[in-house]
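There are 4 protein chains.
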Amino acid sequence: MGTVLSETEFPSVVATFPCHVQWGDCDPAGIIFYPTYFRWMDAACWAMFAAAGYDAKRMRAEHLAMPLLSADCRFLYPAEQGDHCEVRSRILNFGGKSFVVGHEVMRADGMALAKGSETRVWGKFESGPGSRMRGLAIPEDLKARFRA
Amino acid sequence: MGTVLSETEFPSVVATFPCHVQWGDCDPAGIIFYPTYFRWMDAACWAMFAAAGYDAKRMRAEHLAMPLLSADCRFLYPAEQGDHCEVRSRILNFGGKSFVVGHEVMRADGMALAKGSETRVWGKFESGPGSRMRGLAIPEDLKARFRA
Amino acid sequence: MGTVLSETEFPSVVATFPCHVQWGDCDPAGIIFYPTYFRWMDAACWAMFAAAGYDAKRMRAEHLAMPLLSADCRFLYPAEQGDHCEVRSRILNFGGKSFVVGHEVMRADGMALAKGSETRVWGKFESGPGSRMRGLAIPEDLKARFRA
Amino acid sequence: MGTVLSETEFPSVVATFPCHVQWGDCDPAGIIFYPTYFRWMDAACWAMFAAAGYDAKRMRAEHLAMPLLSADCRFLYPAEQGDHCEVRSRILNFGGKSFVVGHEVMRADGMALAKGSETRVWGKFESGPGSRMRGLAIPEDLKARFRA
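Chains as they are written, first to last, in the working numbering: chain A, 1 to 148; chain B, 1001 to 1148; chain C, 2001 to 2148; chain D, 3001 to 3148.
Right, here's the structure in full:
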C-alpha cells in the first residue's frame, strides 16, 4: 500500500510536446479524430524520453523499446483544425519492468482538451528491431532522470 | 446499483468487423502501432451502427453523430503485418445520452490481441456536419436494434 | 506556351512548415512510411494559406476549400524517427480555378528528403462543410498574397 | 524507345484489394483525406506481392523490402464514408532493380475514384529490418509470377 502510494507520487519532471491540429487530423464532424490524441501521446512519450537522454537513435542503437500494455484517454473538449496545443507528460508510476505515463493535452489558451495515460514495458530486442523482445528491470539511473 | 447491473448486462448483439494488419499500420518494432487499434475500434463502432440500420448516409442525412467521451484499450499480444483479425463489438451499456461499446480484437486463429471500450454520446448537429452538436436522449427504438 | 512559361514562373513566397519524424510515422523498415510525406504536404499547404491570410477558421467561415486534383512525390533519401525537417512550399502555378503547390522536404542538416507537388482546385461549399462544392475563379487578391 | 514500349506493355496480372472508406479516413469536407489513397496503394502493392508468393512473413524472413522512389495519384471523384471500393493493381514496368505498379481505385458501382502509380526498388536489408538496404536485380522468377 505504502509502495503503491509512493509510486503514484513519483515526483516527475513534466515534459511538453507541442502539437497542432491539422486538416487531416479531423473528421467529417470538423473536430479531431480521436486516435490522433493517441498518436500525440505516443510522440510525447518518445519526446519525454529523448529529453531524458534516451532519444530515438540511442533507443535504436541499444535495442531498447517501450511497447504498450494499455492506453486510455478522456476527451474533454473538441479540438479543431488550427488549434495549437501541447501535451504535458509526466511519469505517474515506475513499476518493476513497467511504467505509467500521464498525458494532458492543453490548448494554447489553457483549455484542457484531453487527459490520458499509457502503461508501457521497458524492453529490449534480442537482436535489433523486429526480433523478439523481453522486459527489463527499469534501471535506477533511468528513473533518476525523470525525477523533478 | 440494480440499474448499473442491468445496464452492464445489456444483452447486446455482437457485430464483427474484419481488419487486416498492413505494413503502414506497423512501427519500427515490426508490430502494430497502437493507435491503429483505436482506428479499428472507431470503424467497428460505425459498422455496428450501420448493421443496426444507422449507416453513414443516414447518420449524415439526419445530422447524427457519436462523439467520444473516452476510450481505452489493453494490448494483449502484438499483431504483425499480414495478420487477419476481426473486431467483435457489443453494447456494454446504454445510459441516458451516452453509451459504452466494448471491443475485442481477435486474430483469425483465435488469439486475443486487444480489448478495449469507447464511451460515446448520441448527438445531433444543429445544422449539419461542422455545426454545434448536442446530446440526445437515446431512443428506445435505437436500443432495441442492438438487443440480441 | 508563353502562358505556361509565365505561369510556371510565378514569383512565389516560400512558406516553411516544421515537422518531426515520429515513431508512428515509420514502418517496419525503420524509415518513414511514405503517405506521411503527403500528410505533411497537405498540412504545409494549409499553413502556407494561413500565413497568407486564409487560416482554417476563415476557410471554414467562408465555406472555402481546396480539394486535390492530383499529388506526386519523389522520395530522395529515407527519413528516420527523430529527424527534424521542414517542408518548403511555394506556388508553382495559378490557373483559372486550380493551382499547383510545390513542396520540398528538407532535413535540418540540409539533406533533401522528398520533393513533390499538389494540384488543387479553389472551391466553395454551397452551404458549409459537407455540402456540394464548386470551383471558383481564383481571385487576383488571393494570388497577390503569394507574390514574393 | 522499343525497350520502353515493351516494358510499359508488361502483361501483368491484375490484383484486387478491397477497401472501405471509414469515418477516420475522411476530412472536415466530408470526403476522403487524400493520403488515404496512398495508404491503400501501399497495402494493395503488398497484397499483390503476397498473392504472387511474397507475403509479409516471407519478405521479413528473407530481409526483402520494396521502398519507394516515387508515387503519384490523380483524384477523379471524391469518396465518402461507407463507400466500398477496390484497388486494382498491376505491374506497369519491370526495370533492372526497380518496378512500377499502377493502381486504379474503383467504387463498387464502377465509378473510378483515383488512379495512381508507385515506383519501387526491389531491395534487401543487409541484416534484417532496420539495417542498411541495397537494391537487387529483380529475379526473372519474380517477374514471371506477375505475368498474366
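By construction, the Cβ of each residue, glycine as well, lies at the ideal position given by its N, Cα and C atoms.
Next item on the list: Apply the 10 Å Cβ neighbour rule to E1009 of chain B and answer buried if 16 or more other Cβ atoms are within range, or exposed otherwise.
Entry: Per the 10 Å Cβ criterion, exposed.
Next item on the list: Could you name each continuous alpha helix (DSSP H) segment of 4 residues or more that falls completely within the stretch 43–84 of chain A, going from the start of the chain to the end?
Entry: As far as the stretch 43–84 of chain A is concerned, its whole alpha helix (DSSP H) runs of at least 4 residues are 56–61.
Next item on the list: Using the Cα positions of T1119 of chain B and F2099 of chain C, report the straight-line distance between them to the nearest angstrom.
Entry: CA-to-CA, the gap between T1119 of chain B and F2099 of chain C works out to about 42 Å.
Check: Looking only at DSSP bridge pairs, what is R3120 of chain D linked to?
Finding: For R3120 of chain D, which the question treats as bridged, DSSP gives the partners D:L3068, D:F3099.
Next item on the list: Would you grab the beta carbon distance between A3047 of chain D and F3017 of chain D for me? Rounded to a whole angstrom, and I think it's under 8 Å.
Entry: The Cβ separation is near 5 Å, so the contact holds.
Next item on the list: Give every residue of the same chain whose Cβ lies closer than 6 Å to the Cβ of K3115 of chain D, excluding the five residues on either side of it in the sequence, and list them in chain order.
Entry: Within the same chain, Cβ atoms closer than 6 Å to the Cβ of K3115 of chain D are found at R3074, E3104, the five residues on either side in sequence being excluded.
Next item on the list: Give the secondary structure of E3007 of chain D by DSSP, where H, G and I count as helix, E and B as strand, and everything else as coil.
Entry: Because E3007 of chain D carries a pLDDT of 48, less than 50, the predicted location of this residue cannot be relied on, and no value is offered for it.
Checklist line | Below-9 Å beta-carbon distance, H3084 of chain D vs any chain B residue | finding: H3084 of chain D does not count as touching chain B.
Margin query: Quick check: is the beta carbon of D3072 of chain D nearer than 9 Å to any beta carbon in chain B?
Written below: For D3072 of chain D, no CB of chain B lies under 9 Å from its own CB, so it is not counted at the interface with that chain.
Notebook entry, point to check: Excluding five sequence neighbours on each side, which residues of the same chain lie with their C-beta closer than 6 Å to the C-beta of V1021 of chain B?
Noted result: Same-chain partners within the cutoff: I1032, A1079, Q1081, D1083.
Checklist line | Close-in-space but distant-in-sequence residues of the same chain around T3 of chain A (CB under 8 Å, 5 per side omitted) | finding: With a pLDDT of only 39 at T3 of chain A, under 50, the local geometry of the prediction cannot be trusted, and the value read off the model is given with reservation. Once the five neighbours on either side are set aside, T3 of chain A has no close Cβ partner at all.
Check: At what residues does the beta strand (DSSP E) containing A3144 of chain D begin and finish?
Finding: Bounds of any beta strand (DSSP E) do not take in A3144 of chain D; it lies within the alpha helix (DSSP H) bounded by 3140–3144.
Margin query: Among the candidates B:S1089, B:G1102, B:A1061, whose CA atom is the shortest distance from the CA of K1072 of chain B?
Written below: Inspection of the sequence shows that residue 1072 of chain B is occupied by Asp rather than by Lys. Of the candidates B:S1089, B:G1102, B:A1061, the one whose C-alpha sits nearest the C-alpha of D1072 of chain B is B:G1102.
Next item on the list: Closer than 8 Å by C-beta to G3096 of chain D: which residues in its own chain qualify, once you throw out the five before and the five after it? Chain order, please.
Entry: Here the set comprises A3137, I3138.
Notebook entry, point to check: How many Å lie between D2027 of chain C and A15 of chain A at the Cα?
Noted result: When rounded, the distance between both Cα atoms is 26 Å.
Next item on the list: Could you round the C-beta distance between D2042 of chain C and Y3034 of chain D to whole angstroms and report it? I think they count as a contact, below 8 Å.
Entry: Between D2042 of chain C and Y3034 of chain D the beta-carbon gap is near 7 Å, inside 8 Å, which marks them as a contact.
Notebook entry, point to check: Roughly how many angstroms lie between the CA atoms of W2040 of chain C and E2086 of chain C, to the nearest whole one?
Noted result: Take the alpha-carbon of W2040 of chain C and the one of E2086 of chain C: they are about 9 Å apart.
Item checked: DSSP state of R3039 of chain D mapped onto helix, strand, coil -> In the three-state DSSP reduction, R3039 of chain D falls in the helix class (H, G or I).
Next item on the list: Compare the C-beta of C3019 of chain D against all C-beta atoms of chain A and say whether one is closer than 9 Å.
Entry: For C3019 of chain D, not one C-beta of chain A is nearer than 9 Å to its own C-beta.
Item checked: Sub-9 Å separation of R90 of chain A and M106 of chain A beta-carbons -> No.
Next item on the list: Report the rounded CA-to-CA distance for D3055 of chain D versus R147 of chain A, giving the unit in angstroms.
Entry: So the two alpha carbons sit approximately 46 Å from each other.
Checklist line | Pick from B:G1135, B:G1128, B:K1143 that is closest to R1058 of chain B, judged by C-alpha positions | finding: Minimum Cα-Cα distance from R1058 of chain B among the listed residues B:G1135, B:G1128, B:K1143 corresponds to B:G1128.
Next item on the list: Output yes or no for whether 9 Å exceeds the beta carbon distance between G1030 of chain B and R3060 of chain D.
Entry: Contact: yes.
Margin query: Looking only at its chain, what residues have a beta carbon closer than 7 Å to the beta carbon of F3121 of chain D, apart from the 5 residues adjacent to it on each side?
Written below: With the sequence shown as reference, residue 3121 of chain D is identified as Val, and Phe is not the correct amino acid for it. Counting only residues of its own chain and dropping the five nearest sequence neighbours on each side, V3121 of chain D has a CB closer than 7 Å to the CB of M3066, P3067, L3069, K3097, S3098, G3135.
Note to self: Quick check on G1110 of chain B: does DSSP put it in helix, strand or coil?
What the structure shows: Coil at G1110 of chain B, not helix or strand.
Check: Taking any Cβ of chain D, which residues in the stretch 22–43 of chain A have a Cβ under 7 Å from it, in chain order?
Finding: Within the stretch 22–43 of chain A, the residues whose Cβ lies closer than 7 Å to some Cβ of chain D are W23, G24, C26, D27, P28, G30, F33, P35, listed in chain order.
Next item on the list: For Y3037 of chain D, count neighbouring Cβ atoms within 10 angstroms of its own Cβ and tell me buried if that reaches 16, exposed if not.
Entry: Y3037 of chain D sits buried, since 16 or more C-beta atoms from the chains shown fall within 10 Å of its C-beta.
Check: Name the chain B residues that come within less than 7 Å of P2129 of chain C, Cβ to Cβ?
Finding: Think of a sphere of 7 Å around the beta carbon of P2129 of chain C: the chain B residues whose beta carbon falls inside it are P1129, G1130, in chain order.
Notebook entry, point to check: Any C-beta of chain A sitting closer than 9 Å to the C-beta of T3003 of chain D?
Noted result: A caution first: T3003 of chain D carries a pLDDT of 39, below 50, which makes its placement in the model too unreliable to give a value.
Check: Should L2069 of chain C be flagged as near chain D, meaning a C-beta pair shorter than 9 Å?
Finding: For L2069 of chain C, the answer is yes, since a Cβ of chain D falls inside 9 Å of its Cβ.
Next item on the list: Give the residues of chain A in contact with A2056 of chain C, contact being defined as C-beta atoms less than 8 Å apart.
Entry: Neighbours of A2056 of chain C on chain A, chain order: W23, E80, Q81, G82.
Notebook entry, point to check: Helix, strand or coil for G1024 of chain B per DSSP?
Noted result: Three-state result, G1024 of chain B: helix.
Margin query: Please classify G2130 of chain C as buried or exposed, where buried requires at least 16 other C-beta atoms within 10 Å of its C-beta.
Written below: Result: buried.
Margin query: Please state the DSSP three-state secondary structure of M1 of chain A.
Written below: Note on M1 of chain A: pLDDT 34, under 50, position unreliable in the model; the coordinate value appears next. In the structure shown, the three-state DSSP call for M1 of chain A is coil.
Notebook entry, point to check: With R1145 of chain B and G1053 of chain B assumed to form a contact (beta carbons below 8 Å), what rounded beta-carbon distance in angstroms separates them?
Noted result: The pair is a contact, with the Cβ atoms about 6 Å apart (cut-off 8 Å).
Next item on the list: Quick one: give me the first and last residue of the beta strand (DSSP E) that R3134 of chain D is part of.
Entry: Taken as a continuous stretch (DSSP letters only), the beta strand (DSSP E) holding R3134 of chain D covers 3133–3135.
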